[in-house]
Amino acid sequence: MFIFTAVSKTIKKAIEKVYQENNMKTNIEENKNFSFTTENLKIVKSILLRYPEEQKASAVMPLLYLAQRQNEGWLSKNAIEKVAETLSMSFIRVLEVATFYSMFNLEPVGENFVQICRTTPCWLRGSDKPVEVAKEIS
17 MFIFTAVSKT IKKAIEKVYQ ENNMKTNIEE NKNFSFTTEN LKIVKSILLR YPEEQKASAV
77 MPLLYLAQRQ NEGWLSKNAI EKVAETLSMS FIRVLEVATF YSMFNLEPVG ENFVQICRTT
137 PCWLRGSDKP VEVAKEIS
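In this note's numbering, the protein residues as written are 17 to 154.
Written out as structure tokens, the structure reads:
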């Protein structure tokens, strides 16, 4: 019992640290009880039918994307928890996916969300110029 409690506290601290490092909003009232809409629940069910029961965790990316679309372009803590619950995955596993891919936003974004590729191949093709312009006007 003691070991489990210590591990739970360690995991909780690690999750909170990830939220702090990524400036994730955890106490936004309108996202307290995220749940998929009726229409999106149908989509979730159709997505899950594509995967064998023992591999339904493979649907994490499409479900995160669907949750983000429904949640006005970003993933709240509750949306991530709902995806984890739907897929019978641990919260931290879903959070790992959400923090790894730049297509998932962990805080609210504006109406016009612009990203500029900053990888080496893009830089070789001149991406440093739009980055400089973006820095000047923001």
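No residue lacks a Cβ here, since even glycine has one placed at the ideal position from N, Cα and C. Remember, it's a predicted structure, so these values are computed and weren't measured experimentally.
Tell whether a beta-carbon distance below 9 Å holds between residue 60 and residue 102. Translated into the one-based positions of the sequence shown, residue 60 becomes position 44. Translated into the one-based positions of the sequence shown, residue 102 becomes position 86. Result yes, Cβ atoms of residue 60 and residue 102 sit closer than 9 Å.
Quick one: what's got a C-beta closer than 8 Å to residue 154's C-beta in the same chain, skipping five residues either side? The sequence position of residue 154 within the sequence shown is 138, counting from 1. Around residue 154, the same chain offers no residue with a beta carbon nearer than 8 Å, after the five sequence neighbours per side are excluded.
Runs of beta strand (DSSP E) wholly within the stretch 75–138 (minimum 3 residues, chain order): The beta strand (DSSP E) runs of length 3 or more contained entirely in the stretch 75–138 do not exist; there are none.
Run the proximity test for residue 53: is its beta-carbon closer than 8 Å to any non-hydrogen atom belonging to the ligand PLP? This structure simply doesn't include the ligand PLP, nor any ligand for that matter.
Going by CA-CA distance only, name the one from 140, 146, 126 that's closest to residue 87. What you label residue 87 is simply residue 71 of the sequence shown in a count that begins at 1. Of the candidates 140, 146, 126, the one whose C-alpha sits nearest the C-alpha of residue 87 is 126.
Between 89, 139, 132, 136, which has its C-alpha nearest residue 151's C-alpha? Taking the first residue of the sequence shown as 1, we reach residue 151 at position 135. Per the Cα distances, 132.
Give me the Cα-Cα distance between residue 147 and residue 117, rounded to the nearest whole angstrom. Position 131 of the sequence shown, counting from 1, holds the residue named residue 147. Position 101 of the sequence shown, counting from 1, holds the residue named residue 117. Whole-angstrom Cα-Cα distance: 20 Å.
For residue 82 versus residue 49, is the C-beta spacing smaller than 9 Å? Counted from its first residue, the sequence shown places residue 82 at position 66. Counted from its first residue, the sequence shown places residue 49 at position 33. No, the Cβ-Cβ distance between residue 82 and residue 49 is not below 9 Å.
For the alpha helix (DSSP H) containing residue 150, list its first residue and its last residue. Taking the sequence shown and counting its residues from 1, the one referred to as residue 150 is at position 134. 144–153 is the span of the alpha helix (DSSP H), which, as asked, contains residue 150.
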